[in-house]
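Number of protein chains: 2
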Amino acid sequence: MRYTNNIHMGITRADLFTAEQNHIANIIKALGHPARIAIIEYLLKVNVCICSDIVEELPLAQSTISQHLKELKNAGLIKGNIEGTSICYCIDEKTFGFLKNYFGGIMVNTQNQKCC
Amino acid sequence: MRYTNNIHMGITRADLFTAEQNHIANIIKALGHPARIAIIEYLLKVNVCICSDIVEELPLAQSTISQHLKELKNAGLIKGNIEGTSICYCIDEKTFGFLKNYFGGIMVNTQNQKCC
DNA sequence: TTTGTATATCGCAATATTACGATTAATTAT
DNA sequence: ATAATTAATCGTAATATTGCGATATACAAA
Chain C
1 MRYTNNIHMG ITRADLFTAE QNHIANIIKA LGHPARIAII EYLLKVNVCI CSDIVEELPL
61 AQSTISQHLK ELKNAGLIKG NIEGTSICYC IDEKTFGFLK NYFGGIMVNT QNQKCC
Chain A
1001 MRYTNNIHMG ITRADLFTAE QNHIANIIKA LGHPARIAII EYLLKVNVCI CSDIVEELPL
1061 AQSTISQHLK ELKNAGLIKG NIEGTSICYC IDEKTFGFLK NYFGGIMVNT QNQKCC
């Protein structure tokens, strides 16, 4: 199977892979940035916080932090609830449980495999 | 803390985060693409294979598959050993174990956290 | 009503990523 | 020696991502 037209550069074509593969890749991709790892680790430490707390914690502009929070939220890695004038963010343990299971499953499959 | 010069766009500045945060982000980023998820899942199924097997399995050109394999190998997610004229690839269970532990640790921290 | 606080969105610039075909390099078979 | 096979690398084009400042929005306080 190959592309049927000339438009084939630079874009990840979701229709070439299974829905499950695209789904797991999207979640993992959202975590694949040091700023977003730092946000997750900060959330683990403080349990719950608002955006401006993270802006104080990390060396990035407010708009950049907001963007990263949006990506984490879209991927289901964090939850954000409106609380007065600010938004209360926390880890979404459901998605992290999914990731833990995914990697746990890989480890089970890999056990007593002999490699080249 | 802010950037001290004007060069600040589009680049992820590794020096802004801890070595550990950059390390985990790099590994996770390498997995954050459906083609690379598909390669890993194929390797889990067949245990061991060569590049041309994957080229037959996935709807991508040989050069593209080779590029993805390089990224997975650089991240320590797969191993590749020369075997005659071809290269034998397999999962590197060490790095997947690291990921499993990372997410396991997050789950432990998240347990009995009450969110907003 | 105006001011302040908190966050999201817009527009832009620069770099990174993804994908291809073509080529190269290295090994094996004829 | 030549041809075939396997995989990596190069060059290129297009899209995606990252980051900023500026602006917009929404609510609370004065």
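Line by line, the protein sequences give chains C and A. Sequence positions in the first sequence follow the working numbering and run 1 to 116. Sequence positions in the second sequence follow the working numbering and run 1001 to 1116. We put the beta carbon where it would ideally sit given N, CA and C, even for glycine. Keep in mind that this is a model prediction, so the values were computed, not measured.
Could you work out which residues of chain C lie near A:E1083, taking near to mean beta carbons separated by less than 8 Å? C116
Name the residue from A:K1073, A:T1018, A:P1034 and A:A1038 whose alpha carbon lies nearest to the alpha carbon of A:D1092. A:K1073
Determine which residues of the stretch 1030 to 1042 of chain A have a Cβ less than 8 Å from any Cβ of chain C, and write them out in chain order. A1030, L1031, G1032, H1033, P1034, A1035, R1036, I1037, A1038, I1040 and E1041
For a contact defined as C-beta to C-beta under 7 Å, what are the partners of C:I106 on chain A? L1044 and F1096
Compute the Euclidean distance between the alpha carbons of A:C1090 and C:L99, then round it to the nearest angstrom. 21 Å
Taking the alpha carbon of C:T85 as the reference point, which residue from C:A25, C:A35, C:C51 and C:I39 has its own alpha carbon closest? C:C51
Sort out for me which residues DSSP pairs A:N1081 with in a bridge. A:C1088
Looking at chain C, is there any beta carbon in it that lies within less than 7 Å of the beta carbon of A:A1171? Past the edges of chain A, shown from 1001 to 1116, lies residue 1171 of chain A, and the structure says nothing about it.
Between the C-alpha atoms of C:E120 and C:E71, what's the straight-line distance to the nearest angstrom? Look at the range of chain C in this structure, 1 to 116, and you will see that residue 120 of chain C is not part of it.
Under a three-way DSSP split, which group does A:C1051 fall into? helix
How about A:I1028: is its C-beta nearer than 7 Å to some C-beta of chain C? yes
Among A:E1056, A:T1018, A:Q1021 and A:V1048, nearest to A:I1078 - alpha-carbon criterion: A:V1048
For C:L16 and C:V108, I'd like the C-alpha separation in whole angstroms. 27 Å
Please classify A:N1081: is it buried, with 16 or more other beta-carbons within 10 angstroms of its beta-carbon, or exposed? exposed
Which chain A residues sit within Cβ distance under 7 Å of C:I54? Those do not exist, as C:I54 stays about 13 Å from chain A at its closest Cβ, beyond 7 Å.
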